[in-house]
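**Student:**
Numbering (our numbering), first residue to last: 1 to 251.
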């Protein structure tokens with residue numbers, strides 16, 4: 001087990017070779033100096049824990065199954081295994097990367113918080129099993145080009161989508177809590193479990209962005225904008241509510 005005793009800032013990716021290792025964040029952080037670097041790439045069998053809480057890995061995200069030596073997906077990378085039991089993971093790049101990017105191999109997420117300006121959880125050619133945690137993506141919470149299986153109670157804020165024949169499976173006996181709204185932009189946002197909580201927290205000039213769904217319409221403060229993503233019928237949430245996307249008078 002490798003236990004952090006202080007915060008680390010990296011200029012290049014830390015590569016985990018084909019070995020078995022546990023990394024205890026121990027309340028500390030591993031951060032890339034720029035948002036186009038993965039602080040860690042796992043080509044081995046890596047377990048991440050956070051015994052004290054508040055531990056963070058951030059930059060382009062945490063990568064697993066990408067062979068840094070050849071700068072391509074190699075045969076050893078296909079055997080990569082990643083287990084996440086705690087910690088906070090952040091993708092700071094709005095155009096690429098993910099808080100956890102599984103190129104190849106397998107990843108099992110048992111807990112933790114995952115924030116992506118671009119994507120929070122990405123299954124490229126590797127498989128992901130999610131047994132818990134909070135997944136919050138500004139552009140997308142989960143993207144699957146391979147296989148994502150949600151088998152435990154999970155909280156999700158943001159869009160979940162498949163591409164290139166990928167799949168997202170939710171076990172029938174599992175409770176997934178989908179957050180209803182957020183406030184802020186890609187640089188700084190807060191997600192809320194209910195629309196009412198978001199409206200209550202909103203301040204003058206804020207826009208409350210609502211995810212697709214049908215919710216009770218809360219009383220809206222003066223000077224608050226309601227906007228939302230398009231549903232399958234091409235209606236935005238503001239259309240469904242009968243609320244215009246502009247500053248709204250006190251109701």
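All C-beta atoms in this analysis are idealised placements derived from N, C-alpha and C, irrespective of residue type, glycine included.
With distances taken from CA atoms, which of 206, 185 and 178 is nearest residue 213?
**Tutor:** 178
**Student:** By Cβ distance, which residues of its chain are closer than 6 Å to residue 39, with the 5 residues on each side in sequence left out?
**Tutor:** Around residue 39: 10, 30, 32, 57 and 59.
**Student:** Between residue 158 and residue 120, which are expected to be in contact by the criterion C-beta below 8 Å, what is the C-beta distance as a whole number of angstroms?
**Tutor:** For residue 158 against residue 120, the beta-carbon gap comes to about 7 Å, under 8 Å, which counts as contact.
**Student:** Hey, could you find the ends of the beta strand (DSSP E) residue 139 is sitting in?
**Tutor:** Here residue 139 belongs to no beta strand (DSSP E), and DSSP marks it neither H nor E.
**Student:** By DSSP, does residue 193 sit in helix, in strand, or in coil?
**Tutor:** In the three-state reduction of the DSSP assignment, residue 193 falls in the coil class, being assigned neither a helical nor a strand state.
**Student:** When the distance is taken between beta carbons, is residue 136 closer than 8 Å to residue 86?
**Tutor:** no
**Student:** So, using beta-carbon positions, are residue 113 and residue 88 closer together than 8 Å?
**Tutor:** yes
**Student:** Could you tell me the boundaries of the beta strand (DSSP E) in which residue 209 lies?
**Tutor:** 207-210
**Student:** Go through its chain and collect everything with a Cβ distance to residue 17's Cβ below 7 Å, but skip five positions before and after it.
**Tutor:** 43 and 44
**Student:** Per DSSP, which one or two residues make a beta bridge with residue 106?
**Tutor:** Beta-bridge pairing links residue 106 to 81 and 127.
**Student:** Just how far apart, CA to CA, sit residue 175 and residue 2?
**Tutor:** 34 Å
**Student:** Need the endpoints of the beta strand (DSSP E) that residue 49 sits in, please.
**Tutor:** 45-49
**Student:** So the candidates are 107, 105, 122 and 80; which of them puts its Cα closest to the Cα of residue 98?
**Tutor:** 122
**Student:** Give me the residue from 96, 191 and 105 with the minimum Cα distance to residue 117.
**Tutor:** 96
**Student:** Put residue 176 into one of helix, strand or coil per three-state DSSP.
**Tutor:** strand
**Student:** Would you call residue 161 buried or exposed, if buried means 16 or more other Cβ atoms sit within 10 Å of its Cβ?
**Tutor:** Exposed.
**Student:** Considering only the beta carbon of each residue, do residue 144 and residue 166 sit closer than 8 Å?
**Tutor:** Taking 8 Å as the Cβ cut-off, residue 144 and residue 166 qualify as a contacting pair.
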